[in-house]
Amino acid sequence: MTMETTFVPADLEARITDTWTSANAFAAGAGAREDADSYTIVIPPPNVTGSLHIGHALNNTLQDILIRRKRMQGYDVLWQPGMDHAGIATQMVVERDLAERQIQRRNLTRDEFLNHVWSWKNESGGTIINQLKRLGASCDWSRERFTMDDGLSKAVLKVFVQLHREGLVYKDKRLVNWDPQFETAISDLEVENIEVDGHMWHFKYPLEGGATYEYVEKDEDGNVTLRETRDYISIATTRPETMLGDGAVAVHPSDERYAPIIGKLCEIPVGPKEHRRLIPIITDDYPDPDFGSGAVKITGAHDFNDYQVARRNHIPLYRLMDTKGGMRDDGEPYAREAEKAMAIVKAGGEPDKNEVDAINLVPDEYRGMDRFEARKKVIADIDAEGLMIEVEDKRIMQPFGDRSKVVIEPMLTDQWYVDAKTLAKPAIEAVREGRTSFVPKNWEKTYFEWMENIEPWCISRQLWWGHRIPAWYGPDDHIFVAEDEEVALDMAVQHYLAHEGPWKAWVEEKMNDFKPGEILRRDPDVLDTWFSSALWPFSTLGWPDETPELARYYQTDVLVTAFDIIFFWVARMMMMGVHFMKDGHGKPVEPFHTVYIHALVRDEHGQKMSKSKGNVLDPLVLIDEYGADALRFTLAAMAAQGREIKLATQRIVGYRNFATKLWNAVRFAQMSGAEHKTDFDPANVREPVNQWILTEASRAIAEIDEALDGYRFNDAAASAYRFTWNLFCDWYLELLKPTLNGPDGPAKDEARATMAYVIDTILALLHPFMPFITEQLWSETEGAAGRRNVLALSPWPDLSFESEAAAADLNWVIELITQTRSVRSEMNIPPSARLTAVLVGASEATKARLASQGPVLERVGRFEAIALADSAPDGSIQQVVGEATLCLQLGDVIDLDAERARLAKEIERLDGEIARIDKKLGNENFTARAPEEVVQGERDKRSGYEAEKVKVGQALERLG
RNA sequence: GGGCGUGUAGCUCAGCGGGAGAGCACUCGCUUCACACGCGAGGGGUCACUGGUUCAAUCCCAGUCAUGCCCACCA
2 MTMETTFVPA DLEARITDTW TSANAFAAGA GAREDADSYT IVIPPPNVTG SLHIGHALNN
62 TLQDILIRRK RMQGYDVLWQ PGMDHAGIAT QMVVERDLAE RQIQRRNLTR DEFLNHVWSW
122 KNESGGTIIN QLKRLGASCD WSRERFTMDD GLSKAVLKVF VQLHREGLVY KDKRLVNWDP
182 QFETAISDLE VENIEVDGHM WHFKYPLEGG ATYEYVEKDE DGNVTLRETR DYISIATTRP
242 ETMLGDGAVA VHPSDERYAP IIGKLCEIPV GPKEHRRLIP IITDDYPDPD FGSGAVKITG
302 AHDFNDYQVA RRNHIPLYRL MDTKGGMRDD GEPYAREAEK AMAIVKAGGE PDKNEVDAIN
362 LVPDEYRGMD RFEARKKVIA DIDAEGLMIE VEDKRIMQPF GDRSKVVIEP MLTDQWYVDA
422 KTLAKPAIEA VREGRTSFVP KNWEKTYFEW MENIEPWCIS RQLWWGHRIP AWYGPDDHIF
482 VAEDEEVALD MAVQHYLAHE GPWKAWVEEK MNDFKPGEIL RRDPDVLDTW FSSALWPFST
542 LGWPDETPEL ARYYQTDVLV TAFDIIFFWV ARMMMMGVHF MKDGHGKPVE PFHTVYIHAL
602 VRDEHGQKMS KSKGNVLDPL VLIDEYGADA LRFTLAAMAA QGREIKLATQ RIVGYRNFAT
662 KLWNAVRFAQ MSGAEHKTDF DPANVREPVN QWILTEASRA IAEIDEALDG YRFNDAAASA
722 YRFTWNLFCD WYLELLKPTL NGPDGPAKDE ARATMAYVID TILALLHPFM PFITEQLWSE
782 TEGAAGRRNV LALSPWPDLS FESEAAAADL NWVIELITQT RSVRSEMNIP PSARLTAVLV
842 GASEATKARL ASQGPVLERV GRFEAIALAD SAPDGSIQQV VGEATLCLQL GDVIDLDAER
902 ARLAKEIERL DGEIARIDKK LGNENFTARA PEEVVQGERD KRSGYEAEKV KVGQALERLG
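Under the working numbering, the letters of the first sequence match residues 2 to 961, in that order.
Spelled out as structure tokens, the structure:
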């Protein structure tokens with residue numbers, strides 16, 4: 002076997018992937034022990050339109066680390082992959098695609114369009130799956146699922162129908178967030194509120210018939226600051242175009258300024274003068290008397306606050322806009338429509354929603370106008386009449402669609418809702434009682450906060466791509482919800498036959514000559530994408546069928562995601578999971594017992610990565626350049642809990658170097674005859690250096706296990722890094738060199754075998770982090786080891802080995818060499834110079850160490866020889882190592898002044914330490930109240946420093 | 001307005017009651033027979049500020065300042 006000096010990831014990543022594939026290494030249960038527990042993670046399904054960004058890379062790296070370790074530990078592992086159909090995103094992409102071929106969706110039938118989507122999906126969709134494979138994600142790819150698959154669609158239907166039957170899904174007409182670009186409703190979560198520069202316009206709403214009143218303003222002490230006669234009420238608004246739909250003006254009941262005109266009518270100062278609408282001045286607790294003029298226009302159909310006020314006060318809701326956000330262009334001429342509206346106002350009482358909705362209160366000259374154009378015209382018209390009081394510049398919060406980026410309109414429409422409040426209760430309990438817990442724990446607060454204030458979830462979307470709502474409407478618009486049309490039809494027939502009325506005879510007649518679709522119309526809307534995502538942990542396992550996979554792998558273990566998905570997805574999976582999944586006793590089974598929330602990845606300055614800023618790091622480019630292993634290790638090493646990840650390519654370079662280091666260490670071991678023995682037993686190891694590295698390996702394994710069990714990926718990565726580089730490479734391999742270069746014999750054999758064993762341990766420990774290079778190195782050493790398996794299916798290291806004696810020996814060796822190097826550097830002794838040294842005042846133990854470790858010390862410390870002596874030779878540099886003093890004999894070359902200075906500095910340092918401890922020990926409160934072992938520890942440290950100081954002092958004396 | 005978080009070496013970050021750490025950057029020295037994507041040795045920090053608890057505080061508590069994010073209906 003020959004290995005290049007540098008590890009080139011691009012050459013072997015594809016090959017290693019093939020190795021895993023042909024070993025079937027990622028299949029559910031691969032390599033599992035008999036009677037193994039299951040370990041399941043469902044992937045957060047990426048959008049079918051998606052491509053791998055750095056957030057995906059982090060998310061899937063962390064999952065893969067968990068999965069690969071559990072697999073190696075012998076669990077029955079399933080990492081369930083798949084994709085989300087991403088309703089709006091996909092429809093958008095396909096529509097754009099079609100537009101390039103001069104095809105408009107509106108010119109296609111629904112089925113034609115859906116065919117286009119499916120063929121787009123088959124040709125261009127799902128590139129992210131291959132990108133995940135490049136990252137090394139060890140999902141069971143044979144089980145890939147798609148939220149629009151037959152099985153998952155069946156789950157969606159069942160859930161919708163059952164929730165409807167239980168009254169937890171219902172249809173309602175209320176204000177929703179409307180996206181005028183996509184012409185669909187969206188949920189609260191899909192709205193981003195962004196602060197933008199805006200204006201607030203103050204207008205006069207004249208009182209009916211030119212009436213006047215005494216307007217009085219007072220300061221806090223009740224002194225009158227303004228008194229004037231007014232024939233108007235002052236209204237402020239950020240959205241003048243909605244004035245056309247005003248239903249009232251509201252003031253606070255305690256606001257004395259307006260008390261004289263409560264119950265009177267005022268005029269909306271827009272539209273043809275002869276048909277200005279009059280609206281009542283009412284009281285409500287909503288207006289804040291201290292804000293603006295204290296009077297608020299109430300536009301119930303176009304503002305969420307106003308909607309509440311309007312409903313409370315029986316004010317009609319006038320819809321002004323069409324689905325594109327333009328001013329309505331339907332109905333009768335404005336004059337006629339305004340009369341209808343006035344008739345309603347005069348009649349009083351609760352207006353019929355549908356009747357009001359049919360009224361188009363947009364003046365004729367505004368009809369069909371874009372909403373922003375209409376705003377300009379309203380302002381200009383009012384200004385021209387002299388009714389504008391002022392324009393205020395103001396930062397305002399404006400809602401935008403998270404996909405379309407256009408301004409969202411509150412719109413009065415019929416939509417389907419999930420009663421989230423009811424479903425949230427048991428989902429809150431599950432977390433409250435610890436059956437599901439968040440890591441880090443503080444995210445539970447965020448979860449509770451949202452779940453306890455949850456609003457009805459709008460689940461219908463006016464799109465074509467998605468799960469079509471299984472609701473059918475009869476000729477009288479009666480709703481029948483069922484899993485298919487046949488059942489719905491049965492329900493309808495029974496319904497109509499059972500109810501006397503105009504439709505009974507009609508149905509009886511149709512029954513004789515039935516044509517599908519003649520009696521029932523299906524709801525055209527589809528469900529919110531997140532509705533199907535909410536079922537992902539069990540729908541992917543076959544539910545509603547009782548499959549073996551469902552029994553085996555549900556409940557899943559941990560869900561790994563970023564905090565921005567808690568509301569969209571985690572909360573909804575919790576709601577659906579506890580509602581639909583029950584154990585044998587009917588108790589809810591949560592979809593996962595742990596939710597691990599990781600950070601968002603930022604650029605190196607903490608800025609959000611975005612195309613416009615040009616600071617996007619593309620994981621695929623990084624993989625090409627540095628290898629998937631380097632990227633993965635970097636992400637893991639930086640994934641500390643509770644902190645965002647500021648990713649700099651410098652770090653990736655550093656971990657690429659780490660991969661190269663590992664590569665060369667194994668290369669060196671191979672060249673040195675490392676022997677991978679399957680029957681290697683640490684208990685039979687005799688040499689201290691080998692016992693020491695096994696002790697350290699054992700510690701590293703324990704650290705990594707503990708860290709990964711606690712989802713502290715960064716700690717695990719740091720332990721693996723330190724052990725591999727700073728202990729194994731920097732010390733162990735160096736210390737082994739004399740033996741490896743020496744004569745054949747038991748010592749060399751043991752070195753070769755131990756070295757090979759520890760390398761296997763390192764490869765296994767690093768495998769979850771760096772699967773490619775470790776798998777490659779594992780196969781490089783195949784011949785000697787007689788490997789049975791790919792590393793991915795090999796056992797996770799399980800070593801408990803400790804030799805205190807060996808650790809003490811080697812720590813002494815390391816200290817001696819380190820100190821000598823330090824002295825060399827300080828005294829400008831060339832690294833190449835081989836020194837002669839004697840050890841003075843050595844204990845029996847140290848003498849024994851010197852005897853056994855002598856050759857190693859000489860080689861690694863670059864000594865000509867180290868002998869024992871009773872006293873320090875003249876003209877030597879002395880350093881205290883433990884209880885002994887090492888004297889470096891330099892003859893004439895020694896710079897006595899420099900050496901005196903060095904020793905004096907050392908004494909100064911020791912004096913400082915001793916003084917600090919004395920201060921502590923001199924404090925009676927400390928000696929009396931601190932734990933005995935802490936006090937004793939300080940005393941021990943003090944005597945150590947004291948002894949060292951004596952020896953350094955002696956060395957100084959000898960210099961004269 | 002509510003909630004969560006962060007301020008530690010030039011930079012990016014660990015640590016979190018008893019001797020201030022890592023990586024990168026920096027300085028110095030190395031053609032040491034695995035590796036210059038390397039080896040060795042260093043310099044560099046009133047651990048934001050002010051109080052408090054404690055024998056002991058970078059760490060716990062309170063407040064201040066700075067800074068980031070999430071949620072929210074001030075027209």
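Heads up, the beta-carbon is just placed ideally off N, CA and C, and yes, glycines get one too.
Inter-residue distance for Gly-862 and Leu-887 is about 12 Å (C-alpha atoms, whole angstroms).
For Ala-336, the number of other beta carbons within 10 angstroms of its own is below 16, and it is reported as exposed.
When the alpha-carbon of Val-841 is set against those of Ser-833, Asp-810, Val-881, the nearest one is in Val-881. Nearest Cα to Val-579 within the set Pro-592, Ala-344, Glu-275: Pro-592.
Inside the segment 407-489, DSSP marks whole alpha helix (DSSP H) runs of 4 or more residues at positions 421-433, 444-453, from first to last along the chain. Per the coordinates, the alpha-carbon of Val-346 lies some 23 Å from the alpha-carbon of Asp-330. Inclusion of Pro-769 and Asp-65 in the CB contact set at 8 Å is warranted, their separation being smaller than that value.
In the DSSP assignment, no residue is bridged to Ala-33. Distance check between Thr-595 and each of Glu-445, Pro-796, Gly-746, Gly-876 places Glu-445 closest, using alpha-carbon atoms only. Thr-414 is positioned such that its CB atom lies closer than 8 Å to that of Ala-186.
Between Gln-879 and Met-4, the C-beta gap is not smaller than 8 Å, which leaves the two residues out of contact. Pairwise C-beta distances place the segment 40-53 in contact with the segment 73-93, as three or more of them are shorter than 8 Å.
In the DSSP annotation of this structure, the continuous segment of the alpha helix (DSSP H) that includes Leu-636 starts and ends at 629-639.
In this structure, the beta-carbon distance from Leu-266 to Ile-280 falls below 8 Å.
Membership of Gln-556 in any alpha helix (DSSP H) is not indicated, and neither H nor E is assigned to it by DSSP.
For Gly-199, the enclosing beta strand (DSSP E) stretches over residues 192-207. According to the DSSP assignment, Arg-668 belongs to the alpha helix (DSSP H) that extends over 650-672. Across the structure, Trp-451 and Ala-425 are spaced so that their CA atoms are roughly 10 Å apart. Its chain contains Leu-728 as the residues whose beta carbon lies nearer than 6 Å to that of Glu-697, once the 5 sequence neighbours on both sides are disregarded; these appear in chain order. Per the coordinates, the alpha-carbon of Gln-399 lies some 7 Å from the alpha-carbon of Val-197. Using a 10 angstroms sphere on the CB of Ala-311, the tally of other CB atoms reaches 16 or more, which defines it as buried. Residue pairing of Trp-80 in beta bridges, as defined by DSSP: Ile-42.
Excluding its 5 nearest sequence neighbours in each direction, Leu-741 has C-beta neighbours in its own chain below 7 Å: Ser-673, Lys-749, Ala-752, listed in chain order. Three or more Cβ pairs drawn from the segment 687-694 and the segment 721-739 lie within less than 8 Å of each other, which places the two stretches in contact.
When DSSP states are grouped into helix, strand and coil, Trp-179 belongs to the strand group.
Going by DSSP, Glu-351 is part of no beta strand (DSSP E) at all; its letter is neither H nor E. Counting C-beta atoms within 10 angstroms of its own C-beta, Pro-798 has 16 or more neighbours from the protein chains shown and is therefore classed as buried.
Taking C-beta separations shorter than 6 Å and ignoring five residues to either side along the sequence, the partners of Ala-29 in its chain run Leu-79, Asp-141, following chain order. Residues Lys-134 of the same chain have their beta carbon placed closer than 7 Å to that of Thr-18, with the five preceding and five following residues left out of the count.
Uninterrupted alpha helix (DSSP H) stretches at least 4 residues long and entirely within the segment 698-755 occur at 714-722, 735-742, given in chain order. Under the DSSP assignment, Asp-98 falls in the alpha helix (DSSP H) whose first and last residues are 88-101.
According to the DSSP assignment, Arg-603 belongs to the beta strand (DSSP E) that extends over 602-604.
Counting along the chain, no beta strand (DSSP E) covers Arg-860; the unbroken alpha helix (DSSP H) around it starts and ends at 845-862. Taking a contact as a CB-CB distance under 8 Å, the pair Leu-811 and Val-690 counts as one, their CB atoms being some 6 Å apart. Three or more beta-carbon pairs separated by less than 8 Å are not found between the segment 203-211 and the segment 357-365, which leaves the two stretches without contact. Counted as a single uninterrupted DSSP element, the alpha helix (DSSP H) harbouring His-580 occupies residues 572-581.
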